[in-house]
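Visitor: Below are the structure tokens for one structure; questions will follow.
Number of protein chains: 2
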Amino acid sequence: MQFTVETSSGSARTGVLKMDRGMIHTPAFMPVGTIGTVKAMSPEELKEIGAEIILSNTYHLYLRPGHKIIESLGGLHAFMHWDRPILTDSGGFQVYSLSALRKIEEDGVHFKSHLDGSMHFLGPDEAMMIQASLGSDIAMVLDDCAPYPASYEYAMDSVFRTIKWAARCRELRREGQALFGIVQGSLYEKLRKKNIEELVGIGFDGYAVGGLSVGEPKEDMHRMIRFTAPLLPETQPRYLMGIGELGDVLKAVEAGFDMFDCVMPTRNARNGTLFTSNGKVSIKRQEFKADREPLDLACDCYTCSNYSRGYLRHLFLSKEILSMRLNTIHNLRFYLNFFSDMRKSIGEGTFGGFKQKWEAILL
Amino acid sequence: MQFTVETSSGSARTGVLKMDRGMIHTPAFMPVGTIGTVKAMSPEELKEIGAEIILSNTYHLYLRPGHKIIESLGGLHAFMHWDRPILTDSGGFQVYSLSALRKIEEDGVHFKSHLDGSMHFLGPDEAMMIQASLGSDIAMVLDDCAPYPASYEYAMDSVFRTIKWAARCRELRREGQALFGIVQGSLYEKLRKKNIEELVGIGFDGYAVGGLSVGEPKEDMHRMIRFTAPLLPETQPRYLMGIGELGDVLKAVEAGFDMFDCVMPTRNARNGTLFTSNGKVSIKRQEFKADREPLDLACDCYTCSNYSRGYLRHLFLSKEILSMRLNTIHNLRFYLNFFSDMRKSIGEGTFGGFKQKWEAILL
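Protein sequence lines, in the order shown, are assigned to chains E and F. For the first sequence, our numbering gives the first residue as 4, with consecutive numbering after it. For the second sequence, our numbering gives the first residue as 4, with consecutive numbering after it.
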């Protein structure tokens, strides 16, 4: 893996992440393929809209179908018929957010499956072993995500565990699989700083900020984004985990983040909330009933090229599978176009104007 | 519309139905696109697997979004982005099978919508008007489908109404839209014959046999298939409505039927039941867990070319949208290949062997 910063505008920057399976232009948006499929999309459709990398979930794939099954079927790329890069999270966040019961110990977490209630253990060794079986291009260290609100003491413990686990994951790093560290520390700048310093001391291929968007006020999230970005090494990719509201993305890119993932475009699509160059719209709207226009005249996606708002409304109200397909194609294309335009604006030194324009639309 | 019988083998025959929007090779299978989408499929995918015509439902489209809406959006072809032929049923069967309440009168049916309980009236004038708004390539007359079992008197009344309504529909036939008559008569040969004679006297572009597969024993269905086919004009397409189990299709083609529609391949796909060259399989099967093979080694579809049984099982158990997509592509491609192979066997005079081979597999 090789990362090159190409242009910058203030702290915002564009770059290229070169990997064996393909190039990733940053700032990059990674569609989420939780259990080995980006919901409603085929891999060919993902390529057509310009996805360069997707994210998949260690926790989900470990529980079902099981990483050993995926390994025996040739790894995650062959399994899901996707030959471009895949980043796998470590499962830390899902253990925190999904499992009914969890008991954190010094060497890992005992947790109960959200699928069948069975008990499992996930430590740094397990997280690395699972990600090795999946064969992802970028693996993430196992982290301990503190809930919001968290006391200073709790957050400090979680940072110490995160550092300890990161060090162990680093020892298990495999040739050919990049490994990113994860920064925790809740809303405490001192802890975030400590976590970053320790991670950088260990040395990773990239650095991610986790533990945000877990219920804290937006101002606190934005403060942490602004605080952490400049402390992360300039020469390596900076990944802001799980944050994808475009208003937040703009602030994070301004601060110097390079990579993003979020279920928002795909989940909203399935719920009938679509992104357009004029802001979000609900496809259910009565006024779309006999509307011949495409959803977004400014969009070049398959959906906007071939279907009317009237048809999209009809499919959504009829709960048709094609509704989720067409809406997902559009929302993801919208996101990827947004990122591509954002990169262009950084390269041309007009990111400030781009941000201002979109902040007005997104309000 | 122009129909030419090309080859025959006994009463089984191949032909070509030439329409403004494209050619249809018969015996033909028409995938069902109930409400303006073949569930889980895009129009491009339908073309890729070789669909030459699809069926859509007047009753459903009339209730939602409404035929006037579709007309104002350019007709059903533009609405759903499908430029090949469409056959629309008349709504008679859905009124019979779906509406909570119906009251049959001499000039049509009062019925209650299965969507919102609102009351509606469908007569031959309405059926033709709706199908004119939709702009389908082949329209069907409004028929009165008798339930099973039906007394001779009930079935006779329904045949008389069907004939009367057919005559009225014929008066309203529009240039550029083919119109097929429908034969009712339950399991009474005398009534079936009477219905056919009257329809042929009126004159239609094609003839359909309805009112079968409504609960009667298979032997009775097969008897009616064998009885009606030879009474229908040889020079026009014969359509066996709603029957698509392959064993039944083989018997109907042997008797001389040319056109078929059925939700079985699409519905089964969504339920995880898949057709293969060795018979039906449930994709849930435990033994597929780590199976690297494609679903059907003999199949050339997108699904079989790119995915393993293990992945298809995983997607199905995880209730992923892509599961329904990949399964539907496969089942429809299987059906269309089956029909294409069947046509070939008729042309080569080997239909008897084809039928025997498949009857052994389907058992």
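Cβ coordinates follow ideal geometry from the N, Cα and C atoms, glycine included.
Ordered along the chain, which non-local residues of its own chain (more than five positions away) have a Cβ less than 8 Å from that of F:R316?
Guide: As a position in the second sequence, residue 316 of chain F is number 313, starting the count at 1. Result list for F:R316: I286, K287, R288, F291, K292 and D294, in chain order.
Visitor: By the criterion of Cβ-Cβ separation under 9 Å, what are the contact partners of E:S121 in chain F?
Guide: On the first sequence, position 118 is the one that residue 121 of chain E refers to. Neighbours of E:S121 on chain F: none; closest Cβ ~15 Å, over 9 Å.
Visitor: Where do the N-terminal and C-terminal ends of the alpha helix (DSSP H) with E:E108 fall, by residue?
Guide: Here residue 108 of chain E corresponds to residue number 105 of the first sequence, with the count starting at 1. That residue, E:E108, is in no alpha helix (DSSP H); its beta strand (DSSP E) goes R105 to E108.
Visitor: Report the partner residues of F:H70 according to the DSSP bridge assignment.
Guide: Position 67 of the second sequence, counting from 1, holds the residue named residue 70 of chain F. Looking at the DSSP assignment, F:H70 forms no beta bridge with any residue, so it has no partner.
Visitor: Distance, Cα to Cα, E:L76 vs E:T40?
Guide: The residue you call residue 76 of chain E lines up with position 73 of the first sequence. The residue you call residue 40 of chain E lines up with position 37 of the first sequence. Going by the C-alpha atoms only, they are around 15 Å apart.
Visitor: Please list the partners that F:S321 has in chain E, where partner means a Cβ-to-Cβ separation under 7 Å.
Guide: The count along the second sequence starts at 1 and reaches residue 321 of chain F at position 318. Result: I38 and R67.
Visitor: Look at the alpha carbon of F:Y305 and the alpha carbon of F:E174, and state the distance between them as a whole number of angstroms.
Guide: Looking up residue 305 of chain F in the second sequence gives position 302. Looking up residue 174 of chain F in the second sequence gives position 171. Straight across, the Cα-Cα distance linking F:Y305 with F:E174 is about 45 Å.
Visitor: Using alpha carbons as the reference points, say which of F:F354, F:R16, F:G138 and F:P46 lies closest to F:R177.
Guide: Residue numbering aside, residue 177 of chain F sits at position 174 when the second sequence is read from its first letter. The candidate whose alpha carbon is nearest that of F:R177 is F:G138.
Visitor: Residues of chain F with CB under 9 Å from E:G313, in chain order?
Guide: Within the first sequence, residue 313 of chain E is the residue found at index 310, counting from 1. Chain F residues near E:G313: P68, I72, I73, S75, L76 and F82.
Visitor: Report the residues of the region 13 to 25 of chain E with a CB closer than 9 Å to any CB of chain F, ordered along the chain.
Guide: none
Visitor: Runs of 4 residues minimum, wholly inside the region 108 to 146 of chain F: which ones carry the alpha helix (DSSP H) assignment?
Guide: 127 to 137
Visitor: Tell me whether E:A158 sits in a helix, a strand or coil according to DSSP, three-state version.
Guide: Counted from its first residue, the first sequence places residue 158 of chain E at position 155. Helix, per DSSP.
Visitor: Could you pull out every residue in the same chain whose Cβ sits closer than 8 Å to the Cβ of F:G78, ignoring the five residues on either side in sequence?
Guide: Position 75 of the second sequence, counted from the start, is the residue given in the question as residue 78 of chain F. S136, L137 and G138, listed in sequence order.
Visitor: Please list, in chain order, the chain E residues whose beta carbon lies closer than 9 Å to that of F:I454.
Guide: Examination of residue 454 of chain F is not possible in this model, given that chain F is present from 4 through 366 alone.
Visitor: Any contact between the region 39 to 53 of chain F and the region 345 to 352 of chain E? By contact I mean 3 or more CB pairs, one from each, below 8 Å.
Guide: no
Visitor: What does the alpha-carbon distance come out to for the pair E:I73 and E:F82?
Guide: Within the first sequence, numbered from 1, the residue matching residue 73 of chain E stands at position 70. Within the first sequence, numbered from 1, the residue matching residue 82 of chain E stands at position 79. Going by the C-alpha atoms only, they are around 6 Å apart.
Visitor: Against chain F, with Cβ distances strictly below 7 Å, would E:H113 count as a contact?
Guide: Within the first sequence, numbered from 1, the residue matching residue 113 of chain E stands at position 110. Not an interface residue.
Visitor: Can you give me the C-alpha to C-alpha distance between F:M44 and F:S311, rounded to a whole angstrom?
Guide: Numbered from 1 along the second sequence, position 41 holds the residue referred to as residue 44 of chain F. Numbered from 1 along the second sequence, position 308 holds the residue referred to as residue 311 of chain F. Whole-angstrom Cα-Cα distance: 20 Å.
Visitor: With 7 Å as the threshold, decide whether the Cβ of E:H28 is near any Cβ in chain F.
Guide: Your numbering for residue 28 of chain E matches position 25 in the first sequence. No, E:H28 does not count as interfacial toward chain F.
Visitor: Assess contact between the region 225 to 240 of chain F and the region 160 to 169 of chain F, defined as three or more Cβ pairs (one per stretch) separated by less than 8 Å. Is contact present?
Guide: Put simply, the region 225 to 240 of chain F does not touch the region 160 to 169 of chain F. Fewer than three CB pairs are less than 8 Å apart.
Visitor: Whole angstroms is fine: what's the gap from F:R171's alpha carbon to E:N271's?
Guide: Locating residue 171 of chain F in the second sequence gives position 168, counting from the first residue. Locating residue 271 of chain E in the first sequence gives position 268, counting from the first residue. So the two alpha carbons sit approximately 48 Å from each other.
Visitor: Please look up how many angstroms separate the CB atoms of F:A181 and F:I141, rounded, as I've assumed it's under 8 Å.
Guide: Position 178 of the second sequence, counted from the first residue, corresponds to residue 181 of chain F. Position 138 of the second sequence, counted from the first residue, corresponds to residue 141 of chain F. About 5 Å; that satisfies the 8 Å criterion.
Visitor: Skipping 5 residues on each side, what residues in its chain have a beta carbon closer than 7 Å to that of E:L194?
Guide: For the purposes of this step, residue 194 of chain E is taken as residue 191 along the first sequence, with counting starting at 1. Excluding five sequence positions before and after E:L194, the CB atoms of its chain that fall closer than 7 Å to its own CB belong to A158, M159, V162 and G188, given in chain order.
Visitor: Does E:Y310 have its Cβ less than 7 Å from a Cβ in chain F?
Guide: Indexing the first sequence from 1 puts residue 310 of chain E at position 307. Yes, E:Y310 lies at the interface with chain F (some Cβ there is under 7 Å from its Cβ).
Visitor: I want to verify the contact list: residues of chain E whose CB lies under 8 Å from the CB of F:K292, in sequence order.
Guide: As a first step, residue 292 of chain F is located in the second sequence; it is residue number 289 there, counting from the start. Chain E residues near F:K292: P68 and I72.
Visitor: Ends of the beta strand (DSSP E) at E:F357?
Guide: As a position in the first sequence, residue 357 of chain E is number 354, starting the count at 1. No beta strand (DSSP E) contains E:F357, which is instead part of the alpha helix (DSSP H) from F354 to L365.
Visitor: Buried or exposed for E:Y155, please, with buried defined as at least 16 other CB atoms from any protein chain shown within 10 angstroms of its CB.
Guide: Here residue 155 of chain E is taken as the residue at index 152 of the first sequence, counted from 1. Exposed, since its Cβ has fewer than 16 Cβ neighbours within 10 Å.
Visitor: Pop quiz: E:N309 and F:H80 are said to be a contact at Cβ under 8 Å. What is the actual Cβ separation, rounded to whole angstroms?
Guide: Counting from 1 along the first sequence, the entry for residue 309 of chain E is found at position 306. Counting from 1 along the second sequence, the entry for residue 80 of chain F is found at position 77. Separation of the CB atoms of E:N309 and F:H80 is rounded to 12 Å, and the pair is thereby denied contact status at 8 Å.
Visitor: Between E:T331 and E:T269, is the Cβ-Cβ spacing less than 7 Å?
Guide: In the first sequence, the residue the question calls residue 331 of chain E occupies position 328. In the first sequence, the residue the question calls residue 269 of chain E occupies position 266. Their beta carbons are under 7 Å apart, which means E:T331 touches E:T269 by this criterion.
Visitor: For the candidate residues E:F114, E:F341, E:P220 and E:Y314, whose alpha-carbon lies nearest to that of E:F278?
Guide: Sequence index remark: in the first sequence, residue 278 of chain E carries index 275 (1-based). Ranked by how close their Cα comes to the Cα of E:F278, the residues E:F114, E:F341, E:P220 and E:Y314 have E:F341 in first place.
Visitor: Do you know how far the Cα of E:H28 is from the Cα of F:S321?
Guide: Residue mapping note: residue 321 of chain F aligns to position 318 of the second sequence, counting from 1. Residue mapping note: residue 28 of chain E aligns to position 25 of the first sequence, counting from 1. Roughly 32 Å between the two C-alpha positions.
Visitor: Spatial neighbours of F:D147 within its chain, please: C-beta separation below 6 Å, excluding the five flanking residues on both sides.
Guide: Counting from one through the second sequence, the residue named residue 147 of chain F turns up at place 144. Only residues of its own chain outside the window of five on either side were considered, and among them S161, R164 and T165 have a CB closer than 6 Å to the CB of F:D147, listed in chain order.
Visitor: Candidates E:A153, E:G111 and E:L190: which alpha carbon is nearest E:W168's?
Guide: As a working note, residue 168 of chain E is residue 165 in the first sequence. Among E:A153, E:G111 and E:L190, the Cα nearest to that of E:W168 is on E:G111.
Visitor: Can you check which of these residues, E:G209, E:K221, E:P220 and E:S280, is closest to E:F260 by C-alpha distance?
Guide: Within the first sequence, residue 260 of chain E is the residue found at index 257, counting from 1. Taking only the C-alpha atoms, the option nearest E:F260 is E:G209.
Visitor: Closer than 7 Å between beta carbons: that is the criterion. Which residues of the region 157 to 176 of chain E meet it against chain F?
Guide: none
Visitor: Quick check on E:Q359: buried or exposed, where buried means 16 or more other Cβ atoms within 10 Å of its Cβ?
Guide: Position 356 of the first sequence, counted from the start, is the residue given in the question as residue 359 of chain E. With fewer than 16 neighbouring CB atoms inside 10 Å of its own CB, E:Q359 falls in the exposed class.
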